[in-house]
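Here the sequence shown stands for residues 346 to 478, where the numbers follow my numbering.
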Amino acid sequence: MNKLFLLGLTVLLTGCVTPVTQMMNNNFSDIEPTKPQATGIWTTTVGAGLSTIKLSEDGNGILCEDTSGHLNLNRLKYSNGQLYAQNGMILKVISLNQDILEAKTTLSAFNINMVYKKDSDLKAASLKCAKEL
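1) Are L400 and L416 closer than 8 Å when you measure CB to CB?
2) Just how far apart, CA to CA, sit S440 and P381?
3) Tell me, please, which residues DSSP counts as bridged to L478.
4) Any idea if L408 is buried or exposed, counting beta-carbon neighbours within 10 angstroms, 16 or more meaning buried?
5) Let's test the definition: count the other Cβ atoms within 10 Å of the Cβ of A393 and tell me whether it reaches 16, buried, or not, exposed.
6) Which ranges would you report for the beta strand (DSSP E) in the stretch 377-449 if only whole runs of at least 3 residues count?
7) I need the straight-line Cα distance from T450 to G433, nearest angstrom please.
8) So which of G385, E447, T397 and Q427 has the shortest CA-CA distance to K476?
9) Are I376 and S424 closer than 8 Å when you measure CB to CB?
10) Could you tell me the boundaries of the beta strand (DSSP E) in which F455 lies?
11) Starting from the C-beta of L436, find all residues in its chain whose C-beta is less than 6 Å away, skip the five residues before and the five after it, and write them out in chain order.
Listed below in structure tokens is the structure:
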């Protein structure tokens, strides 16, 4: 029974892109940033934490994530409709303008959509991210 379960799980997950796959195939250093359609700062809620993205005109940026006081800062590069984080995470940009940054990524083998809202004054960002940005 256990072997059958493992076989079924393997078949289901074959071909899935997981965060581990993204990190193992991390090519952040090779990415050449391109000019995004919009620049600014956007924040969203992710589970029990807050995530803030700062994107500059040259396509470089910062991803700041604060989960229960644990802060993660990663450099970002925008290129060909995607945001690449230095930790290997890839965010596929669905919509990008001054008010909204909507992106899709994979967390724990599940695709999730995230809608970041304009946060130029960092009032929606965590206190730690606001201090870092």
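Backbone N, C-alpha and C define an ideal beta-carbon position, used for all residues, glycine too.
Walking through what the data contain:
1) Taking C-beta atoms as the reference points, L400 and L416 fail to come closer than 8 Å.
2) Computed Cα separation, rounded: 11 Å.
3) Looking at the DSSP output, L478 sits in no beta bridge, so it has no partner there.
4) Classification for L408: buried.
5) The residue is exposed, with fewer than 16 neighbouring Cβ atoms inside 10 Å.
6) Those beta strand (DSSP E) runs which fall completely within the stretch 377-449 and span 3+ residues are 385-391, 394-400, 405-412, 415-424, 427-430 and 435-441.
7) Roughly 11 Å separates the two Cα atoms.
8) Minimum Cα distance to K476 is reached at T397.
9) At the C-beta level, I376 and S424 come within 8 Å of one another.
10) Element bounds for F455: F455 to K463.
11) So the qualifying residues of the chain are L428, A448 and T450.
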